[in-house]
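Taking it in order: structure first as structure tokens, then the write-up.
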Amino acid sequence: MFDHYKLSIVLVGVFTFQELVQCKGADDFTGCNSQKYSLNIYGEAVPNLLGDCSGRGQCVSNNTACLCEKGWTGRSAFINTEGIDCQVNTYVIRTFWGVVFVYSLFVQIKYVIPNFRYRWKSFVAMRAARNVSLTQVPLILAFFSYQLLNFPCITFLSLLSIINEEERIGVTFWSTILFCVAGIGYSITHFLFQTALMEMFLSHRYFAESGSALTLGKCVKYSSIFLDFVLGTKYVIPIIMYATEGGEVTDRTGTLWCTYLILQATSLYFTGIQAWYIRRNLLIELEKIYMLSKNVNFKVLADKLENLQTNGMLQSSIFGSIYIVILFFPFLWNRHDYFLPFVCFGAIAVGALMTKSHVEGPSAAITLSSLQEVDVSSANNTVENQEQQPKGSFEITEGFGSLNDLPRTPIASRPQPSI
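Residues -23 to -1, 1 to 396 in mature numbering (1 follows the signal peptide of the UniProt record, and there is no 0) are what the sequence shown spells out, letter by letter.
The structure is reproduced here in structure tokens:
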């Protein structure tokens, strides 16, 4: 799988400059009867594979515009081909957005709200006992970012797309703003989430004294900064498209569109590599602890982390490959509307993943306060005391407190690996 990622990234890098130079708009448009608008990356006009108006309308006004059948439109996100094509089924698109809307509410009620309330109460108790500030608990900040940016923006975007079929990202104001804010919120949430994951382990004495663990933490930190704040600038592109051309098919729009696709594919593949790196190296460290402590609960934790990162690798490879396909098959450029709801669906799923990653199932109570062997009875006692947590979640604990409650060794004072 790693070879797949490396090969894909090399291909993206080789063709990036070529595609940006050749991305075209509508300079060669000669009418909807021939569909010779240059909506492609190959430097020459190409016909519509489905015929005039994608076979869902008629050419009118001396073959200069498409009159679409009921339920079909050429109005599309990013690349707006209204009047040129009839490729988007409005009923299907609104149904997809309806699924996203319902799913976002389900995730909130089922996972996010119960677990966020539980974690907030734990944080309040911890702050009262140890005078800990909110900025020292990145997992809580990740929940805040999700609740304030991801969830409301995607929920309102999906609701707006259901109510008003004219709304399109990069074409209309509110859809563009909501999508971009949700994207930026996703980048912030992902960064804080990965930071919380690393700090949770590096706060433990064993990891603080492990050179390989410190290297892992630094790699994850800097790669997350690159992924979420450098490549995260891609979410500004729809605003530029709206402010300049309003989605109208031009050469400039085509270049911005190709840039967006390339940045999306690149960031997704790098996210997959990061997930692979975390899974591989963190599992090695957990295996070392297990060999020292013989605590079977570390196996449970390792399985949870492996599932989380494997899910990240799978999702990144699938979505990244789809963006590559869209880039090299311009026939799909103005059909991106069918894919957008699934992108937002994945962003909403982050809320469920956050509640399942650190925690899932009271049987996974972990004692990291020492590397001593624990007997079955003590593990069972810990499990029984964990049953008051929200259903479907577990907490990695020191005694009965969160691992985030563990005293952290400042990075500057942590022992450095000897050479």
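C-beta atoms are modelled at their ideal positions from N, C-alpha and C, and glycine is treated no differently.
Query: Continuous alpha helix (DSSP H) stretch holding CYS130: start and end; Result: 128 to 140
Query: Under the three-state DSSP convention, the category ALA42 falls into; Result: strand
Query: Straight-line Cα distance separating ILE131 from LYS198; Result: 27 Å
Query: Every unbroken beta strand (DSSP E) inside the region 33 to 117 [3 residues or more]; Result: 34 to 37, 42 to 45
Query: C-alpha gap between GLY60 and PHE203, whole angstroms; Result: 40 Å
Query: Range covered by the alpha helix (DSSP H) that runs through THR221; Result: 214 to 221
Query: 8 Å contact criterion, which SER201 and PHE168 should meet: CB distance rounded; Result: 5 Å
Query: Outcome for GLY249 when other beta-carbon atoms lying within 10 angstroms are tallied against a minimum of 16; Result: buried
Query: Spatial neighbours of GLY328 in its chain, beta-carbon cut-off 8 Å, leaving aside the 5 residues before and after; Result: VAL84, GLN85, TYR88, VAL89, TYR123, ASN127, PHE128
Query: ARG145 and SER53 closer than 8 Å at C-beta; Result: yes
Query: Contact check, GLY34 vs LEU27, beta carbons under 8 Å; Result: no
Query: DSSP-derived helix/strand/coil call for GLU264; Result: helix
Query: Integer-rounded CB distance, given that ARG96 should sit under 8 Å from PHE120; Result: 7 Å
Query: Buried or exposed (CB count within 10 angstroms, at least 16 for buried), TRP151; Result: exposed
Query: Cβ-based burial, LYS281 [other Cβ within 10 Å; buried from 16]; Result: buried
Query: Per-residue burial, LEU291 [other beta carbons within 10 Å of its own, 16 or more giving buried]; Result: exposed
Query: Inter-residue Cα distance where the pair is ASP62 and PHE93; Result: 46 Å
Query: Reference VAL158; option with closest CA among CYS321, THR332, CYS30; Result: CYS321
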